[in-house]
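Asker:
In the working numbering, the protein residues as written are 1225 to 1352.
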């Protein structure tokens, strides 16, 4: 169930001068709602819904004999929001490419971790 937030603006707020009220939420259904006074008593309302950044990736192939080359594809959502990547291939080797290719030279089970960031907003997510 979502949360409801109410905001009451008193009438004296509409006096002379530029006024602005911003209300922002955080979490799975983040939002921004802003009112702006254009100095003549008229209020403009702006509303935006933001999808949170979610790390996700695919790899192919997933099984093979060494030397084994794996292609990792970033499928984080919303598409285009992430602009920084850090991959850990499960053996202390890392990459900062969006879609890295890595060759495993030793047989074993490896846990790959993807860390994505939107450096504009500071939002980040990790997928193991």
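Think of the CB as a built atom: it goes at the ideal place given N, C-alpha and C, for glycine as much as any other residue.
Between which residues of its own chain and residue 1308 is the CB-CB distance below 8 Å, once the five residues before and five after are set aside?
Answerer: Along the chain shown, read from residue 1 onward, the residue named residue 1308 stands at position 84. Cβ-Cβ distances below 8 Å link residue 1308 to 1320, 1340, 1341, 1342 and 1343 in the same chain, with the five nearest sequence neighbours on each side left out; the list follows chain order.
Asker: Using the three-state DSSP reduction, which class does residue 1333 fall into: helix, strand or coil?
Answerer: As a first step, residue 1333 must be located in the chain shown, where it is residue number 109. Coil.
Asker: Is it right to say residue 1252 is buried, meaning 16 or more other beta carbons lie within 10 angstroms of its own, or is it exposed?
Answerer: Within the chain shown, residue 1252 is the residue found at index 28, counting from 1. In this prediction, residue 1252 has a pLDDT of 44, which is less than 50 and means its spatial position is unreliable; nothing more can be read from the coordinates.
Asker: Could you tell me which of 1347, 1276 and 1334 sits nearest to residue 1294, measuring between CA atoms?
Answerer: Translated into the one-based positions of the chain shown, residue 1294 becomes position 70. If we check each option's Cα against that of residue 1294, 1334 comes out closest.
Asker: Assuming the contact rule is C-beta atoms closer than 8 Å, residue 1313 and residue 1299 should be a hit. Round their C-beta distance to whole Å, please.
Answerer: Indexing the chain shown from 1 puts residue 1313 at position 89. Indexing the chain shown from 1 puts residue 1299 at position 75. The pair is not a contact, with the Cβ atoms about 17 Å apart (cut-off 8 Å).
Asker: What three-state label does DSSP hand residue 1305 in the structure shown?
Answerer: The residue you call residue 1305 lines up with position 81 of the chain shown. Residue 1305 falls in the coil class under three-state DSSP.
Asker: Out of 1329, 1303 and 1347, which one is the CA nearest neighbour of residue 1292?
Answerer: On the chain shown, residue 1292 is found 68 positions in, with the first residue counted as 1. For residue 1292, the nearest C-alpha among the options comes from 1329.
Asker: Whose C-alpha, out of 1297, 1331, 1316 and 1290, is nearest the C-alpha of residue 1325?
Answerer: Along the chain shown, read from residue 1 onward, the residue named residue 1325 stands at position 101. Cα-wise, what sits closest to residue 1325 is 1297.
Asker: Measuring straight from C-alpha to C-alpha, what distance separates residue 1284 and residue 1327?
Answerer: What you label residue 1284 is simply residue 60 of the chain shown in a count that begins at 1. What you label residue 1327 is simply residue 103 of the chain shown in a count that begins at 1. Whole-angstrom Cα-Cα distance: 12 Å.
Asker: By DSSP, does residue 1286 sit in helix, in strand, or in coil?
Answerer: Numbered from 1 along the chain shown, position 62 holds the residue referred to as residue 1286. DSSP places residue 1286 in coil when its eight states are reduced to three.
Asker: With a CB to CB cut of under 6 Å and the five nearest residues on each side skipped, what residues in its chain are close to residue 1317?
Answerer: Residue 1317 sits at position 93 when you count from the first residue of the chain shown. None.
Asker: If distances are taken between C-alpha atoms only, which option among 1304, 1331, 1277 and 1336 comes closest to residue 1310?
Answerer: As a working mapping, residue 1310 is identified with position 86 in the chain shown. The residue with the shortest Cα to Cα distance from residue 1310 is 1336.
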